[in-house]
Each structure stands twice: as C-alpha cells, then as structure tokens.
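So the structure is just underneath, and the comments pick up after that.
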Amino acid sequence: MTVSPDRIAAFRAEIGGIACQDQERVLQVKSKDYYWYSQILTEQLDGKLGQILVLPTTEAEVVTIAAAAAKHRIPITVRGGGTGNYGQCVPMEGGIILDMTKLNRVLEITDGRMVCEAGARIEALETAAAATGQMLTMFPSTKRLATIGGFMSGGSGGIGSLRNGMLRDGGNVTYVRVVTVEEEPQLIDLHGPDILKVQHAYGTNGIITAMDYALMPFVDWQHTIALFDGYDAALSCAADAQESGIDAYLMTVVERRFARFYKRVAEYFPSDRDAVFAMIAPADVEAFAAKVVAHGGHVTVSKSLPDLEAAKLPPTWEFGWNHTTLQALKHERGEWTYLQVAYPRPFDPALALRQQQRYGEELYFHHEMARMDGDIQIFALPILRWTSRERTYEIIEEMERLDGCTIFDPHAITIEDGGMKEIDTAQIDFKKRADPHGLMNPGKTRGWTADMAKD
Ligand SMILES: Cc1cc2nc3c(=O)[nH]c(=O)nc-3n(C[C@H](O)[C@H](O)[C@H](O)COP(=O)(O)OP(=O)(O)OC[C@H]3O[C@@H](n4cnc5c(N)ncnc54)[C@H](O)[C@@H]3O)c2cc1C
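The opening position of the sequence shown corresponds to residue 311 in this note's numbering, with each subsequent residue numbered one higher.
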C-alpha cells in the first residue's frame, strides 16, 4: 500500500522550500534500519519504500510538514540515525520519511541536565557535555549515528545502564516536546512520568522535537578486559563485583567462542579464555583487579579511552550489548541472528550455564549487567545460529517456559510483540491526541486499529 503520486506532489507543494529528496537510491537507504540482523524481518521488510524524504531544520518546519501530512492523509515515518534493530524506521505503507537529523542543536546545559533538539547525534551531545565536565548517564554503542530522539523512541538502555538504570527509569529523561500530526498541529510539553507516553513508542504517537537528558560528572572510566579459565568464573566475578559495589559503567561477560569475531583485541582475548569487558571508575581499578584474581583470572587491559585510542584499540563498549552481534555478523553474515533475554531476579549463574550446555553450538552467550527499577538485572543477547523461524521460536518458547526468562523478541515489528509484551493504553490514548488520523509509522503498534482514526 502506497500513496498516489498526486497526493505526494500536493504535499510537496504545500511544504514550500523545506528540503526534500525523492531519488530512488536515497529512498532505499532511508527506508531501512538494522533489521537485517533478523532473517525473519528481512523477509518481511525488504522492498518497503518511503516515497519522499523531508529534512526539516527547525521545529516550525516540522509543524508545516505535520500539517501537510495530515491534510493529505499521508503516512509519516520519523527517522533519526536509522540504527534501530526491528524495522522501526521502515515505512510499511510508503509516504513520508521525516529525517530529524538537521534538528540537532544543544539548547541548554546545566549541572546534571542538557536540553537539546531530538535529531542531535548522541556522540555530539556527549562532546558538548564533556566541555562542561559532564557525561551522559547512558548511551547506545551506536552513538556516532544514533540520535537522542531515536534512542528515546526506539531504544531501552545500554552502556551506563549498570550504573544509571534503563532509559525509562526515573530521571534519565524528564522532559519531551512533541508536535502532533493534524491539520493544525499542537506543541505538547510532557514532564516527569508523562514522558512515558512517548518513550519506546517507535514514533507512532507524535514527533519529538526536543527533550532533556540526564548528565553526570565526567568519569575517566578505565576500559578493562579480564580473562578467566571458565565462563562460570567470569560470571561469578562480574556478579561479585556488582554485589560489592564496584563502580562500573559497563560490565559484559563474554564467552570464549566470541574471540574469533573480536580480532581487534585478539592479543588480549584469546579463544581459550572467557572474558569480562568493563568500564571501571579509576578509584575502583585496584579493587576490581583484586576480585578478578580472587576468581582465578587476570587483567589484560586497563586503560583510559585516550590511552586505548593511542594503542589503536577499540573501546570496550564495542564488545557488549548489541555490538556483539555486529561483530559476529561482520565475519559470518547470514549465519547468525540473535535473541534478547532478561533473566529472573535474583540472577542464578547456574541457569546461564545450563542454557549454554542445552544449546551447544546453536547459541553463543554474553551477559550484560544492568540496573532496572534500582535493582541489578541481568540480560543476555546471545547470538543464534540461524536455521529457521520455527527453531527460533522453539528456543524462545523453551527459555520462557523452562527458565522463567523473558524474551524481548528482536524478530517482531510491533512494539507489543517485541519488548513491551502488552498494549500500553496510555501510549494509545496519547496517540489519539497526537496522531488522530493514525498516520504515524503505520503497522508498528497492535494497540491502534483503523476504526480509532478520526475522519
Ligand atoms: C550495533 C548496535 C548496537 C545497539 N545497541 C543498543 C543499546 O545498547 N541500547 C539500545 O537501546 N539500543 C541499541 N541499539 C538500537 C539503536 O541503535 C538505538 O536504540 C538508537 O538509539 C536508535 O537511535 P536512532 O536515531 O538510530 O533511531 P532510529 O532507528 O532512527 O529510530 C528508532 C525509532 O524511533 C523513532 N523516532 C526517531 N526519531 C524520532 C523523533 N524525533 N520523534 C519520534 N519518533 C522518533 C523512529 O520512527 C523509530 O521507530 C543498537 C543497534 C545496533 C545496530
């Protein structure tokens, strides 16, 4: 289903001088994200194309675009860096691709907070924060391309979540400004818990133009690799470090079978050892090293980011969370996909070891330490040797039934079938207000049905 060329032309005439592009090659690139990690999504989404790309530079231009889209009833898919993993940026019914990356100004930085436009790249925000002696409370490892609005709308947490919780946890974001998609768009400011009305809503219920983000005093985290003679020892060391309050921004436990993908650190992570990749506060480097030794391991790297760069080594965040999958796919594309697993609390390392044994060569594991609602929460994003859709869902069902794990399905295109599991009625109620014609990112929420649209 796409929009007639006449309606696209009428829309284009209506938005006057706002930059737009419609070359086939551009539309092809800007209609994709990283859904290719999933063979299931690739089959479903390849070939879906937007019909016109618009690039506003101000909020006023966003308002003009939203009004014209509503008037001509054209679907509109908002796009930041396009690094989402679940086809969140794929225009299922053609129409407009709204590229937010030119709306990228930092509006204010104070102690503990920054306010910025939603299309700002996260790495640029990090640089701006660093100039004031501060850093972001968390970021995805795609920060060079990813935008803050895209993280808010499509992400969940990442590097820093061990210390500062998940994105939706209190305080990380406290303000969001939204443009509605209707003939006369409104500007809505959401504060405090109300921001959850649009968080992780995949751009289905309003265009975020600005938001705030929490900052913390800058820490010169020491990027650390520690090796162990067994995955159980690596897991226990990471858990012990957490329980004893070692100050860490990242802690990822990676099994030895990943070593063949991690060629840039081959010297420090050989294939006969399991590893912990961590970012440790300078004051706790010695205490962490002592823990490593107590668990029979040894530290092979402990460097600040500038020292790592001088040694031509990559940062440790490129070896955790979903960057692990990218490392595997770089070497063996097509052979692997992945799962997203949340473990029951309190975490039992024995369960992780049982899963490793049960799945043998089918799954390679790494475990991510994070904090959710104030408590330690362990996730895994194991890579899965691709065989079939049936086998993928058999494993998902087994891990949920036998192990009590929750799987955030990365092979699903709707919010509900992926991470959220159920329809968020507050988000749907907000959609009725912010997108009354149901034009935003169609097909991405099961909570919206055609009969809800205003004529
Ligand atoms: C290697 C790799 C590692 C990753 N690691 C992490 C991680 O650690 N944590 C994590 O949470 N994610 C991770 N991701 C997923 C993704 O990179 C992040 O969520 C990222 O922040 C998305 O930002 P983006 O600008 O690329 O968003 P996009 O992909 O452009 O958009 C994501 C969603 O947000 C919507 N959207 C974008 N901008 C707006 C806006 N201004 N208003 C309304 N809706 C909007 C889009 O419509 C889309 O539905 C990873 C992905 C890859 C490929």
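By construction, the Cβ of each residue, glycine as well, lies at the ideal position given by its N, Cα and C atoms.
Segment limits, beta strand (DSSP E) that includes THR697: Position 387 of the sequence shown holds residue 697. Segment: none, THR697 is in no beta strand (DSSP E) and carries neither H nor E.
As assigned by DSSP and simplified to three states, the class of HIS641: As a first step, residue 641 is located in the sequence shown; it is residue number 331 there, counting from the start. Residue state, collapsed to three classes: helix.
Within 8 Å, strictly: CB atoms of VAL486 and LEU497: The count along the sequence shown starts at 1 and reaches residue 486 at position 176. The count along the sequence shown starts at 1 and reaches residue 497 at position 187. Cβ distance not < 8 Å, so VAL486 and LEU497 don't count as in contact.
Burial state of MET311, where buried means 16 or more other Cβ atoms lie within 10 Å: As a position in the sequence shown, residue 311 is number 1, starting the count at 1. So MET311 counts as exposed.
Beta-carbon spacing of GLU726, ARG756 below 8 Å: Within the sequence shown, the letter at position 416 stands for residue 726. Within the sequence shown, the letter at position 446 stands for residue 756. Cβ atoms of GLU726 and ARG756: closer than 8 Å.
Proximity test, GLY607 beta-carbon vs ligand 1 heavy atom, cut-off 7 Å: Numbered from its first residue, the sequence shown carries residue 607 at position 297. No; taking the cut-off as 7 Å, the Cβ of GLY607 has no heavy atom of ligand 1 nearer than that.
Residue closest to GLU403, alpha-carbon to alpha-carbon, out of ASP594, TRP758, GLY753, THR759: As a working mapping, residue 403 is identified with position 93 in the sequence shown. Nearest of ASP594, TRP758, GLY753, THR759 to GLU403, Cα basis: GLY753.
Ligand 1 heavy atom lying under 7 Å from the CB of LEU363: Within the sequence shown, numbered from 1, the residue matching residue 363 stands at position 53. No.
Contact check, ALA456 vs THR393, beta carbons under 8 Å: As a first step, residue 456 must be located in the sequence shown, where it is residue number 146. As a first step, residue 393 must be located in the sequence shown, where it is residue number 83. Yes, these two residues count as a Cβ contact at 8 Å.
Any non-hydrogen atom of ligand 1 closer than 7 Å to SER466 Cβ: To locate residue 466, count along the sequence shown from 1; it is residue 156. Yes; taking the cut-off as 7 Å, the Cβ of SER466 has a heavy atom of ligand 1 nearer than that.
Three-way DSSP call (helix, strand, coil) for PRO592 in this model: Counted from its first residue, the sequence shown places residue 592 at position 282. Of the three classes helix, strand and coil, the one that applies to PRO592 here is helix, per DSSP.
Distance between ARG681 and GLU660 (C-alpha atoms, nearest Å): Mapped onto the sequence shown, residue 660 falls at position 350. Mapped onto the sequence shown, residue 681 falls at position 371. As written in the sequence, residue 660 is Ala, which differs from the Glu given in the question. Roughly 20 Å between the two C-alpha positions.
ARG473 classed as buried or exposed, judged by whether at least 16 other C-beta atoms fall within 10 angstroms: Within the sequence shown, numbered from 1, the residue matching residue 473 stands at position 163. By the neighbour-count rule (16 or more Cβ atoms within 10 Å), ARG473 is buried.
8 Å Cβ shell around TRP631 - same chain, five flanking residues per side excluded: Residue numbering aside, residue 631 sits at position 321 when the sequence shown is read from its first letter. Cβ neighbours of TRP631 beyond the five flanking positions: PRO450, SER451, GLY468, ILE469, THR562, GLU678, LEU691.
Start-to-end residues for the beta strand (DSSP E) that takes in VAL488: Walking along the sequence shown from the start, residue 488 turns up at place 178. Looking at the DSSP string, the run of the beta strand (DSSP E) that includes VAL488 is 485 to 489.
Under the three-state DSSP convention, the category THR759 falls into: Residue numbering aside, residue 759 sits at position 449 when the sequence shown is read from its first letter. Here THR759 sits in coil by DSSP.
First through last residue of the alpha helix (DSSP H) which encompasses ASP617: The residue given as residue 617 occupies position 307 in the sequence shown. 615 to 620 is the span of the alpha helix (DSSP H), which, as asked, contains ASP617.
According to DSSP, residues forming a beta bridge with SER612: As a working mapping, residue 612 is identified with position 302 in the sequence shown. Bridge partners of SER612: THR534.
Three CB pairs or more closer than 8 Å across the stretch 364 to 374 and the stretch 413 to 431: yes
Euclidean distance between Cα positions of LEU618 and HIS533: Here residue 618 is taken as the residue at index 308 of the sequence shown, counted from 1. Here residue 533 is taken as the residue at index 223 of the sequence shown, counted from 1. LEU618 and HIS533: Cα-Cα distance of roughly 8 Å.
Cβ-based burial, LYS741 [other Cβ within 10 Å; buried from 16]: Looking up residue 741 in the sequence shown gives position 431. Buried is the call here.
Close beta carbons around GLY714, own chain, < 7 Å, minus the five adjacent residues each side: Start at 1 with the first residue of the sequence shown, and residue 714 comes out as number 404. For GLY714, where only same-chain residues beyond five positions count, the Cβ hits under 7 Å are PRO654.
Backbone secondary structure at PHE528 - three-state DSSP: In the sequence shown, residue 528 corresponds to position 218, counting from 1. In this structure, PHE528 counts as coil in the three-state DSSP scheme.
For LEU477 and ASP251, the rounded distance between their alpha carbons: The structure shown does not extend to residue 251, since the chain is modelled only from 311 through 765, so no value can be given for it.
Through-space distance from LEU537 to GLY607, alpha-carbon basis: The sequence position of residue 607 within the sequence shown is 297, counting from 1. The sequence position of residue 537 within the sequence shown is 227, counting from 1. When rounded, the distance between both Cα atoms is 5 Å.
Per-residue burial, VAL603 [other beta carbons within 10 Å of its own, 16 or more giving buried]: One-based indexing of the sequence shown puts residue 603 at position 293. VAL603 comes out exposed.
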